[in-house]
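Trainee:
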Amino acid sequence: MPSVDHILIVDDDPDICNLVSRFFEKNGFRVTSVADGKGLWAVLNREPVDLLVLDLILPDEDGLTLCRNLRASSNLPVIILSSRGEDLDRIIGLEMGADDYLPKPFHPRELLARVRSVLRRTRDPQPTEKINGTEENVVYHFAGWTLDIPTRQLYSPQKEKVFLSGSEFALLRIFLNFPNQVLSREQLLEYSYAKESEPFDRTIDMQVSRLRRRLREDSRTPELIKTVRGLGYVLSARVEKSEGSS
Amino acid sequence: MNREQSGPLLVHVDASLAEIVPSYLENRRKDLTLLADMLQKGDFEPMRVLGHRMKGSGGGYGFVHISDIGRRMEQAALQTNTTELLACIAELTAYLDQIEVVYTETALS
């Protein structure tokens, strides 16, 4: 029997929780809803969750803080659902590690499409695998860093674990497949599947910015992921592959 | 909102929401009672919260106009604008009295 994806929605408006729960359950998901950050951590400590739908304005804790704290210890896919729909709010939400952002009021069908897209993007093999063959068991080494594909874990040159969101992992993997080659925003969008869920290619700029921070790059003078004005981005590093342990 | 006063105002709503739409509209009718009470007490913050929630939820259920009223209500409560709040309450009352929900398979508001 196939497993049912478990969606956790955190929103203090019961009408929103009811709407999302009913609509997603009718579409084959299991849904748990809670009203605040305390409820969020209680559910995450109790049972596995496949994706989090998170409101920003909550009674006990700001949703952005929750998102950032969650990212420090998990790569659980997060979609922010908020009435704060200004460009700046979206940017901050994505910068805090969210995989997508949908402003309220929203159509439940659009939320459903975005949830499916994020789950697909964070789970499915990337097109680069299809180009280069199956890479399920590969470990990449670059500039002292290590990306272990089987565990989806990034290690710093000091051997510290660095957590990546699903979209950051996907983006880094693309760069590692095409080292020292300029990749346009369109190529990055296509390879990362982001085109399906993000209507503007500035999203790639934001994701690159986040990834640079994960790689502890100085945003003014990045050494690893360089901007090629008018063309796109290039990973400037020698990349080696080894076989993973799993 | 410009409309004829004679007939019902038809609102097309996604059929998959048929089970929860009646309770959503009932909650908005309860909001009207709460809002009248809050306005009388000059209690603007809970009115702002109610407006904010209506803004966020209305369109999702297929009632874009409730989102519009909620947005105006939120702003009016922030500005303690009693006149605008009264207008919003009157408009929501009229809207809830006049709408007739039509469930359709592919309604996209």
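Residue numbers (our numbering), protein chains in the order written: chain A, 1 to 246; chain B, 1 to 109. No residue lacks a Cβ here, since even glycine has one placed at the ideal position from N, Cα and C.
Which residue's Cα is closest to the Cα of Ser242/A: Asp5/A, Asn45/A and Tyr140/A?
Mentor: For the residues Asp5/A, Asn45/A and Tyr140/A, the minimum Cα distance to Ser242/A belongs to Tyr140/A.
Trainee: Between Leu111/A and Val78/A, how many whole angstroms is the CB-CB distance? I'm expecting something under 8 Å.
Mentor: Actually they do not touch by this definition, with Cβ atoms about 13 Å apart.
Trainee: Evaluate Asp99/A with the Cβ neighbour count: other Cβ atoms within 10 Å of its Cβ, from every protein chain shown; 16 or more gives buried, anything less gives exposed.
Mentor: So Asp99/A counts as buried.
Trainee: Closer than 8 Å, CB to CB, is Leu17/B near chain A or not?
Mentor: Cβ-Cβ to chain A under 8 Å: yes for Leu17/B.
Trainee: Which chain A residues are close to Arg29/B, counting only those with a beta carbon under 9 Å from its beta carbon?
Mentor: Going along chain A, no residue has its Cβ under 9 Å from Arg29/B, so there is no contact; the nearest lies around 13 Å.
Trainee: Is the Cβ of Gly232/A closer than 8 Å to any Cβ of chain B?
Mentor: Not an interface residue.
Trainee: Judging by CA-CA distance, which residue of Leu154/A, Glu168/A and Leu172/A is the nearest neighbour of Val162/A?
Mentor: It is Leu154/A.
Trainee: Name the two residues that bound the continuous alpha helix (DSSP H) containing Thr93/B.
Mentor: Residues Thr82 to Gln98.
Trainee: Does any residue of chain A have a CB that is nearer than 8 Å to the CB of Gly51/B?
Mentor: Output row for Gly51/B: interface = no.
Trainee: Output yes or no for whether 8 Å exceeds the beta carbon distance between Met73/B and Leu50/B.
Mentor: Cβ atoms of Met73/B and Leu50/B: closer than 8 Å.
Trainee: Cα separation between Asp87/A and Val234/A?
Mentor: Rounded to the nearest angstrom, the two C-alpha atoms are 27 Å apart.
Trainee: Does any C-beta atom of chain B lie closer than 8 Å to the C-beta of Ser184/A?
Mentor: No, its Cβ sits nowhere closer than 8 Å to a Cβ of chain B.
Trainee: With respect to the alpha helix (DSSP H) encompassing Ile69/B, which residues constitute its N-terminal and C-terminal limits?
Mentor: Element bounds for Ile69/B: Val64 to Leu78.
Trainee: As an exercise, report each continuous beta strand (DSSP E) stretch of at least 3 residues that is fully enclosed by the segment 42–85 of chain A, in chain order.
Mentor: Counting only runs of 3 or more, we get 51–54 and 78–82.
Trainee: Which residues in chain A have a C-beta closer than 7 Å to the C-beta of Ile20/B? List them in chain order.
Mentor: By Cβ distance, chain A contributes Asn18, Leu19 and Arg22.
Trainee: Quick check: is the beta carbon of Gly42/B nearer than 8 Å to any beta carbon in chain A?
Mentor: No, Gly42/B lies away from the interface with chain A (no Cβ there is under 8 Å from its Cβ).
Trainee: Provide the residue span of the beta strand (DSSP E) that contains Gln153/A, from first to last.
Mentor: Note, Gln153/A: beta strand (DSSP E), Gln153 to Tyr155.
Trainee: Going by DSSP, what residue range makes up the beta strand (DSSP E) through Asp218/A?
Mentor: Note, Asp218/A: premise wrong, no beta strand (DSSP E); not H, not E.
Trainee: Taking only the alpha-carbon atoms, compute the straight-line gap between Pro59/A and Asn27/B and give it to the nearest angstrom.
Mentor: Going from the Cα of Pro59/A to the Cα of Asn27/B covers about 21 Å.
Trainee: So is Thr122/A buried or exposed if we call it buried at 16+ other beta carbons inside 10 Å?
Mentor: Thr122/A comes out buried.
Trainee: Looking at the secondary structure, which residues open and close the alpha helix (DSSP H) in which Ser23/B lies?
Mentor: Val21 to Lys41 is the span of the alpha helix (DSSP H), which, as asked, contains Ser23/B.
Trainee: Taking all protein chains shown into account, decide if Pro105/A is buried (16 or more other Cβ within 10 angstroms of its Cβ) or exposed.
Mentor: When all chains shown are included, Pro105/A counts as buried.
Trainee: Determine which residues share a DSSP beta bridge with Arg30/A and list them.
Mentor: Answer is His6/A.
Trainee: Taking only three categories from DSSP, how would you classify Pro150/A?
Mentor: Coil.
Trainee: Relative to the C-alpha of Asp5/A, which candidate in Leu70/A, Val115/A, Thr65/A and Leu19/A has its C-alpha closest?
Mentor: The option with the nearest alpha carbon to Asp5/A is Val115/A.
Trainee: Kindly indicate which residue of Thr82/B, Ile20/B, Ile99/B and Ala94/B has the alpha-carbon position closest to the one of Glu45/B.
Mentor: Residue Thr82/B is the option with its Cα nearest to Glu45/B.
Trainee: One question on the structure: do Ser82/A and Gly63/A come within less than 8 Å of each other, judged by their Cβ atoms?
Mentor: The answer is yes: Cβ separation under 8 Å.
Trainee: Under 8 Å, Cβ to Cβ, is there at least one residue of chain A near Tyr95/B?
Mentor: No, its Cβ sits nowhere closer than 8 Å to a Cβ of chain A.
Trainee: Give the single residue among Ile7/A, Arg214/A and Phe169/A whose Cα lies nearest to the Cα of Pro150/A.
Mentor: Out of Ile7/A, Arg214/A and Phe169/A, Phe169/A has the C-alpha closest to the C-alpha of Pro150/A.
Trainee: Comparing the C-beta of Lys241/A with each C-beta of chain D, is any distance below 8 Å?
Mentor: Included in the structure are the protein chains A and B, with no chain D among them.
Trainee: Closest Cβ-Cβ distance between Ser73/A and chain B: below 8 Å?
Mentor: No, Ser73/A lies away from the interface with chain B (no Cβ there is under 8 Å from its Cβ).
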